[in-house]
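Here the sequence shown is numbered in this note's numbering, starting from 107 and rising by one per residue. C-beta: ideal position from N, C-alpha, C; glycine also. Here the structure is a predicted model, which means the values were calculated and not measured. Presented below is the structure to which this report refers.
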Amino acid sequence: MDPLGKRPAAEDDSLISDCESGVSAGDTPPPFVENADLVRTRFVRGLVAHCFKPEVLAVRRNVCSSVMALARQHSFHVFARAVAELRGGNANVKFAWYGASSKEEINDIIQHGFGHAHSNGLRLSPQDSPLESVKSSVVDEDGLRHLLLCRVILGKTEVVPRGSYQCRSSSQEFDSGVDDLSNPKEYVIWCNQINTHVLPEYVLSFRLPSPLKGIVKIGEPLRPSSPWMAFPALISMLSKILPPSEVASIAKFHKDYREKRISRHELIQKVRVIAGDKLLLSVIKSFRAKKIPANFKDDKAKEWQADSQQLERNDCSYGSSISYYRK
């Protein structure tokens, strides 16, 4: 049986991994060999489709060995069965990626579960579309990024647009959110269900080589030579281009992030929705060149904003994440 593929509906254990070997809470996760090739292959295939060629250095499995980890595993199992019963026998359990901000965050999630920074829900990427989670990951001191491959209970899904302020299901008819019902690129697990509906199973550590020609770097380390920009400086430059109401919204989201009301990923996604990727990219490039492009006038702001959705669908020609300093 393919451990990462679809399991037979009749299997009693089809809703949950056994978590019999791999990563112990609080410890450096040992390599897990049996399914590593399958995890690695599907991850690489998902990024190659967007013109990136990652170097996967390790795939490790979460061992639910502590009392609390076993309790979270059991809770996931119980809720999966409950959702299946509620939704006509189908809990709609999928594999999904979560982009971690650091190795410390990975260890904290494995040891204690997900924290409370995801007020608008936890955003994950489908197993075959890891790009958004890669964008939200951060390069560590060794030049590596880290993702969690999680098993998630989706149940019955509803459309939740990217950047939405929605923080819970719109009715009891739905269990989770997706950005698109037919071809989702983002799953949303609501904050009150994160530690019952999400079970981390694998840690994948990888390195992205220099991007292919014409593709902007994703979240480089915090150093002056990389395309990063202090958030206050970004807000200052956007204030010369965007309407005051939109600048105020961005400033509010930045304040929420500083006060840990929203995650870094949520902050970036909200700013991208308001300003648009094309405008943000040009502002960052202009900041590095110490000038604002003359073609950015107030009447152009909405045009750039309208372009962003198309850019999101055209990752091979753009394929970037807008990255900022944390403060």
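Put R151 into one of helix, strand or coil per three-state DSSP.
-> Position 45 of the sequence shown, counted from the start, is the residue given in the question as residue 151. Note: R151 maps to helix in three-state DSSP.
CA-to-CA distance, H180 to S429, given in whole angstroms = Here residue 429 refers to the residue found at position 323 of the sequence shown. Here residue 180 refers to the residue found at position 74 of the sequence shown. Note on S429: pLDDT 42, under 50, position unreliable in the model; no value is reported.
Is it right to say S239 is buried, meaning 16 or more other beta carbons lie within 10 angstroms of its own, or is it exposed?
-> Position 133 of the sequence shown holds residue 239. If you draw a 10 Å sphere on the C-beta of S239, you find 16 or more other C-beta atoms in it, and that means buried.
If you count every other CB in all the chains shown that lies within 10 Å of the CB of Q278, and 16 or more means buried, which is it?
-> Here residue 278 refers to the residue found at position 172 of the sequence shown. Q278 is exposed by the Cβ-count criterion.
Just confirm the distance between the C-beta atoms of S243 and G205, as a whole number of angstroms; I'd bet it's less than 8 Å.
-> One-based indexing of the sequence shown puts residue 243 at position 137. One-based indexing of the sequence shown puts residue 205 at position 99. At roughly 4 Å, the Cβ-Cβ gap stays under 8 Å, so S243 and G205 are in contact.
First through last residue of the alpha helix (DSSP H) which encompasses P338 | Stepping through the sequence shown from its first residue, residue 338 is reached at position 232. Start and end: F337 to L344.
Whole beta strand (DSSP E) elements within the stretch 158-208, 3-residue minimum = 161-167 and 199-205
Determine the burial state of N438: buried for a count of at least 16 other Cβ atoms within 10 Å of its Cβ, exposed for fewer.
-> Summary: the structure shown does not reach residue 438, with the chain confined to residues 107 through 433, and so no result is reported for it.
Rounded to whole angstroms, what's the CA-CA distance from I374 to A357? Just pull it up for me.
-> Walking along the sequence shown from the start, residue 374 turns up at place 268. Walking along the sequence shown from the start, residue 357 turns up at place 251. Whole-angstrom Cα-Cα distance: 12 Å.
Of the residues V379, A186 and K262, which one's Cα is nearest the Cα of D281?
-> Counted from its first residue, the sequence shown places residue 281 at position 175. If we check each option's Cα against that of D281, K262 comes out closest.
Thinking A202 and C256 are a contact (beta carbons under 8 Å), I'd like their distance in whole angstroms, please.
-> By 1-based counting over the sequence shown, the position of residue 202 is 96. By 1-based counting over the sequence shown, the position of residue 256 is 150. The Cβ separation is near 6 Å, so the contact holds.
On a CA-only basis, which of Q272, A339 and M174 is nearest I390? Give me that one, please.
-> On the sequence shown, position 284 is the one that residue 390 refers to. Of Q272, A339 and M174, the residue nearest in Cα terms is A339.
How long is the line joining the alpha carbons of F359 and I259, rounded to whole angstroms?
-> Walking along the sequence shown from the start, residue 359 turns up at place 253. Walking along the sequence shown from the start, residue 259 turns up at place 153. Cα-Cα distance, rounded: 28 Å.
Is V294 closer than 7 Å to G227 when the C-beta atoms are compared?
-> Here residue 227 corresponds to residue number 121 of the sequence shown, with the count starting at 1. Here residue 294 corresponds to residue number 188 of the sequence shown, with the count starting at 1. Cβ distance < 7 Å, so G227 and V294 count as in contact.
In angstroms with no decimal places, state the Cα-to-Cα distance between P333 and D246.
-> Translated into the one-based positions of the sequence shown, residue 333 becomes position 227. Translated into the one-based positions of the sequence shown, residue 246 becomes position 140. Note on P333: pLDDT 47, under 50, position unreliable in the model; the coordinate value appears next. Cα to Cα, P333 sits roughly 16 Å from D246.
Out of curiosity, what's the CA-to-CA distance linking R274 and V266?
-> Residue numbering aside, residue 274 sits at position 168 when the sequence shown is read from its first letter. Residue numbering aside, residue 266 sits at position 160 when the sequence shown is read from its first letter. Rounded to the nearest angstrom, the two C-alpha atoms are 10 Å apart.
Is it the case that the Cβ atoms of R212 and V145 are separated by a distance below 7 Å?
-> The residue labelled residue 212 in the question sits at position 106 within the sequence shown. The residue labelled residue 145 in the question sits at position 39 within the sequence shown. Inspection of the sequence shows that residue 212 is occupied by Ile rather than by Arg. Result no, Cβ atoms of I212 and V145 do not sit closer than 7 Å.
Could you spell out the range, first to last residue, of the beta strand (DSSP E) harbouring F359?
-> Counting from one through the sequence shown, the residue named residue 359 turns up at place 253. Premise fails: F359 lies in the alpha helix (DSSP H), P350 to R364, not in any beta strand (DSSP E).
Candidates A197, V165, G152 and T147, of which the one nearest V304 by Cα = In the sequence shown, residue 304 corresponds to position 198, counting from 1. With distances taken between CA atoms, V304 lies nearest to A197 out of A197, V165, G152 and T147.
Nearest-angstrom Cα separation, counted from L250 out to V154 | Indexing the sequence shown from 1 puts residue 154 at position 48. Indexing the sequence shown from 1 puts residue 250 at position 144. Roughly 18 Å separates the two Cα atoms.
Same chain, Cβ closer than 6 Å to Q416, neighbours up to 5 away in sequence not counted = As a working mapping, residue 416 is identified with position 310 in the sequence shown. Unreliable placement is indicated for Q416, whose pLDDT of 39 sits below 50; the coordinate value is still reported in the next sentence. If you ignore the 5 residues before and after Q416, its C-beta comes within less than 6 Å of no other C-beta in its own chain.
Distance CB(E311)-CB(H371) smaller than 7 Å = Numbered from 1 along the sequence shown, position 205 holds the residue referred to as residue 311. Numbered from 1 along the sequence shown, position 265 holds the residue referred to as residue 371. The sequence as given places Ser at residue 311; Glu does not occur at that position. Cβ distance not < 7 Å, so S311 and H371 don't count as in contact.
Please report the residue range of the beta strand (DSSP E) in which Y251 lies.
-> Counting from one through the sequence shown, the residue named residue 251 turns up at place 145. Sequence inspection shows Arg at residue 251; the Tyr mentioned does not correspond to that position. Per DSSP, R251 belongs to the beta strand (DSSP E) from R251 to I259.
So who's on the other strand from P306, going by DSSP bridges?
-> If you number the sequence shown from 1, residue 306 lands on position 200. Checking the DSSP bridge columns, you'll see P306 partnered with C256.
May I ask which residues mark the beginning and end of the beta strand (DSSP E) holding E238?
-> The count along the sequence shown starts at 1 and reaches residue 238 at position 132. Careful: E238 lies outside any beta strand (DSSP E), inside the alpha helix (DSSP H) at L237 to S242.
Grab the span of the alpha helix (DSSP H) containing I374 for me, first residue to last.
-> Counted from its first residue, the sequence shown places residue 374 at position 268. Segment R370 to A381, the alpha helix (DSSP H) holding I374.
State the start and end residues of the unbroken beta strand (DSSP E) segment that holds I295.
-> One-based indexing of the sequence shown puts residue 295 at position 189. First-last of the beta strand (DSSP E) with I295: Y293 to I295.
Tell me whether P298 is buried or exposed, calling it buried when 16 or more other Cβ atoms sit within 10 Å of its Cβ.
-> Start at 1 with the first residue of the sequence shown, and residue 298 comes out as number 192. It should be pointed out that residue 298 corresponds to Asn in this sequence rather than to Pro. With fewer than 16 other CB atoms across the displayed protein chains lying within 10 angstroms of its CB, N298 is exposed.
Can E307 and R229 be called in contact, C-beta distance under 7 Å?
-> If you number the sequence shown from 1, residue 307 lands on position 201. If you number the sequence shown from 1, residue 229 lands on position 123. It is not a contact, given that the beta carbons lie outside the stated cut-off.
Rounded to whole angstroms, what's the CA-CA distance from I347 to G283? Just pull it up for me.
-> Residue mapping note: residue 347 aligns to position 241 of the sequence shown, counting from 1. Residue mapping note: residue 283 aligns to position 177 of the sequence shown, counting from 1. For I347 and G283, the distance between alpha carbons rounds to 33 Å.
Backbone secondary structure at L287 - three-state DSSP = Here residue 287 is taken as the residue at index 181 of the sequence shown, counted from 1. Here L287 sits in coil by DSSP.
Indicate whether S342 and V353 have their beta-carbon atoms separated by less than 7 Å.
-> Residue mapping note: residue 342 aligns to position 236 of the sequence shown, counting from 1. Residue mapping note: residue 353 aligns to position 247 of the sequence shown, counting from 1. No, these two residues do not count as a Cβ contact at 7 Å.
Can you name the residues that DSSP bridges to P232?
-> Walking along the sequence shown from the start, residue 232 turns up at place 126. According to DSSP, which records beta bridges pairwise, P232 is partnered with A202.
Please state whether DSSP places E247 in a helix, a strand or coil.
-> The residue you call residue 247 lines up with position 141 of the sequence shown. E247 falls in the coil class under three-state DSSP.
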